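Presented below is the structure to which this report refers.
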Amino acid sequence: MTVTARRRPLALAAAVATAAAALGTTALTVPAAHAADGPPPQMQLKDGTLEWGLKKSFREYIETGFGGGAIEVADGAQRTGDGPFTFTGGTGTYDMATHAIATTFRGGVRFLGHDGELDLKFADLKLAGDAGGKTGRITADVTRDGRTEDDVPLASLDLGAAKRGGGRGGVITLGAIPAKLTAQGAKVFSYKGRSFYKEGAALDNASLTVTAVAQPPAGGGTKDAGTSTDVPATKDAGTSTDEDKKTGDGRNPGGDPRTGGAPGTTGEGKAPQSGVYDGRLDWGVKKSFRDYITDGFAKGRAELLGDAVKAGDSYRFTKGHGTYDASTNTLDAAFNGEVRFTGHDGELDLKLGNFTVKASATGATLSADVSAKDKGSTTTTKAVPLADLKPGADALKARNGVVSLSAVPATLTEQGAKVFSYKGRSFYKTGSGLDPVTLAVTVDKDAKLPDDQGSSSGTGSGTGTGSGSTGTGSGSTGTGSGSGSAGGGAKGGVTGSEASLAATGAGVPTGPLAGGAAALVVAGGAAVYATRRRSPLARG
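If you use mature numbering (1 follows the signal peptide of the UniProt record, and there is no 0), the sequence shown corresponds to residues -35 to -1, 1 to 505, in order.
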């Protein structure tokens, strides 16, 4: 096998390899009768679940936003709270030769909004993976305007980037599968002939869990998959644990577990009140709102004015000024720059500027001057509280003359909910998650702002931190190796994930080892076949 062949990112094959270890190699080895006649057959799959929320911002739009509607699940689909949907009863096949997969699930979900004018139902969801195991799609029967269209391709999938695992009883998992909206899907997510999202827009990640049906052993009889034990994961076997991989994450390069500001230095805790000499505030407002304006139904734009600049996919407001009291750890800082959102042919016109952050040990508030058009007239209101912030403990202590807050969770205030509205209807409810807030200010005239590490705009849930790359187990000596990194240069940024992993299993080889490990276990039937072909008994 060439190095190129070993490097194919066969995520599903690696997951099946783990499941095969749990079932026992005979479970995935072709019976002798089949081995003599042809290549490995298809593996049957059962007890499948597909966890997928379609798109979080669309759910918010329907349930808590401008759609003013509801979401219903039926026919076996499940949902907890306002989270994603779980489609159950999955069955299908996995082709051991080509790594293609085909699965079908029970359950449906219906979106109702705009006083019944929007009525959209999805049922008979199917997840399919192409030969090679790298790409795939999700299709569904779609009912809208009283008409049903079968097997509409909604999402294209990057199976090669999925998190794979396996476990007891032949369970196979593919988690956090990246999904993007297809051209047909963009037409489905529409209202009054206008699509909410463009083709290629990111959808919620999907997670697949299925169970491999054990093949009868070559000697006859059946194997009880439930009695097999998991293969112990040891570093000597070349695998790596989660702890081996955690050398960094997107929240804070280098793996520092801080959630807010840096720890204080000796002697600064009782310093008198000082000024804020410089600073920057990174905030994307709310990702789903930006998408709605620039890529969605509003068909509008976001414009930065004054001293505001882009920071990754977020916004940066600069030239911070104000006051800081080190004895009480209180901050009152203002920042220059404005952002203006326009849409709906100018009927929606919202400008936010003169951002201020007032923070103390008990909490923090982000406010802004708001200019908004309502029924043709524009009104301006000063210092409107938009977001409640939750900085971590001791986050406001200065270090080397700088106070820093990193990816602080933010939620919408009651006043903010009124700001984000159109024709008298709010897009979001009080308490909805906003993009996290990052800021740095100098409170010593000789201090300088830290090097720019980029900004995370989040997912609209207030937890939008990205994650660095994880390491992989490598080498026959079994030392787990890996690295984690995030951040970037000026105006860089990372984005957060919009879905949670449904299920995880034992660590499995990734990268260059994925194809090799899969070939050793998944293609066990092919090995039997090849051996028998070489044997005089097989030829006879």
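Just so it is clear, CB atoms sit at the ideal spot from N, CA and C, and this is done for glycine as well.
Quantities reported herein were computed from a predicted structural model and do not represent experimental measurements.
### Query
Going straight from the alpha carbon of residue 48 to that of residue 122, what length do you get?
20 Å
### Message
Here's the rule: buried if 16 or more other CB atoms are within 10 angstroms of the residue's CB, otherwise exposed. What is residue 279?
### Response
buried
### Task
Following the continuous alpha helix (DSSP H) through residue 257, name the residue where it begins and the one where it ends.
252 to 259
### Query
At which residues does the beta strand (DSSP E) containing residue 289 begin and terminate?
279 to 290
### Message
Since residue 515 and residue 331 should fall inside the 8 Å C-beta cutoff, what is the C-beta to C-beta distance between them, to a whole number of angstroms?
### Response
A question about residue 515 goes unanswered here, because the residues of the chain that appear run from -35 up to 505.
### Query
Where do the N-terminal and C-terminal ends of the beta strand (DSSP E) with residue 161 fall, by residue?
It is not in any beta strand (DSSP E) - residue 161 carries neither H nor E in the DSSP assignment.
### Query
Which residue or residues does DSSP assign as beta-bridge partners of residue 363?
DSSP, once it has assigned bridges, lists no residue as partnering residue 363.
### Message
What does the alpha-carbon distance come out to for the pair residue 175 and residue 10?
### Response
6 Å
### Task
Using three-state DSSP, classify residue 22 as helix, strand or coil.
helix
#### Entry: The beta strand (DSSP E) enclosing residue 148, as first and last residue numbers
Where residue 148 is concerned, there is no enclosing beta strand (DSSP E), although the alpha helix (DSSP H) it sits in stretches over 148 to 153.
### Query
Any idea if residue 46 is buried or exposed, counting beta-carbon neighbours within 10 angstroms, 16 or more meaning buried?
exposed
### Task
Tell me whether residue 94 sits in a helix, a strand or coil according to DSSP, three-state version.
strand
### Query
At what residues does the beta strand (DSSP E) containing residue 128 begin and finish?
128 to 132
### Query
How is residue 75 classed by DSSP in three states: helix, strand or coil?
strand
### Task
Use the C-beta contact count for residue 294: other C-beta atoms within 10 angstroms, 16 or more gives buried, fewer gives exposed.
buried
#### Entry: Neighbourhood of residue 272 by C-beta distance below 6 Å, restricted to the same chain and skipping five residues each side
283, 284, 301, 302
#### Entry: Three-state class that DSSP yields for residue 105 in the structure shown
strand
### Query
Between residue 394 and residue 258, what straight-line distance do the alpha-carbon atoms span, to the nearest angstrom?
18 Å
### Query
Nearest to residue 167 by alpha carbon, out of 291, 368, 22?
22
### Query
The beta strand (DSSP E) with residue 265 in it runs from where to where?
Residue 265 -> no beta strand (DSSP E), and no H or E assigned at all.
### Query
How far does the alpha helix (DSSP H) with residue 381 in it reach, from first residue to last?
379 to 384
### Query
Would residue 334 pass as a contact of residue 345 if the rule is Cβ separation under 8 Å?
yes
### Query
Buried or exposed: where does residue 327 fall if 16 or more other Cβ atoms within 10 Å of its Cβ makes it buried?
exposed
### Query
Just checking, does the segment 59 to 68 make contact with the segment 96 to 105 on the three C-beta pairs under 8 Å criterion?
yes
### Task
Flag this pair as yes or no: are the beta carbons of residue 172 and residue 124 separated by less than 8 Å?
no
### Task
Please look up how many angstroms separate the CB atoms of residue 70 and residue 52, rounded, as I've assumed it's under 8 Å.
4 Å
### Query
Helix, strand or coil for residue 15 per DSSP?
strand
### Query
Under 8 Å between the Cβ atoms of residue 103 and residue 85?
no
### Task
Express the C-alpha separation of residue 90 and residue 117 in angstroms, rounding to a whole number.
9 Å
### Task
Counting only the same chain and skipping the five closest in sequence on each side, list residues whose C-beta sits under 6 Å from that of residue 268.
305
### Message
Out of 146, 290, 244, 358, which one is the CA nearest neighbour of residue 261?
### Response
146
### Query
For residue 315, which residues from the same chain have a beta carbon less than 6 Å from its beta carbon, with the 5 sequence-adjacent residues on both sides left out?
306, 337
### Task
Have a look at residue 239 and residue 357 and give me their C-alpha separation to the nearest angstrom.
22 Å
### Query
In or out: residue 40 buried (at least 16 other Cβ within 10 Å) or exposed?
exposed
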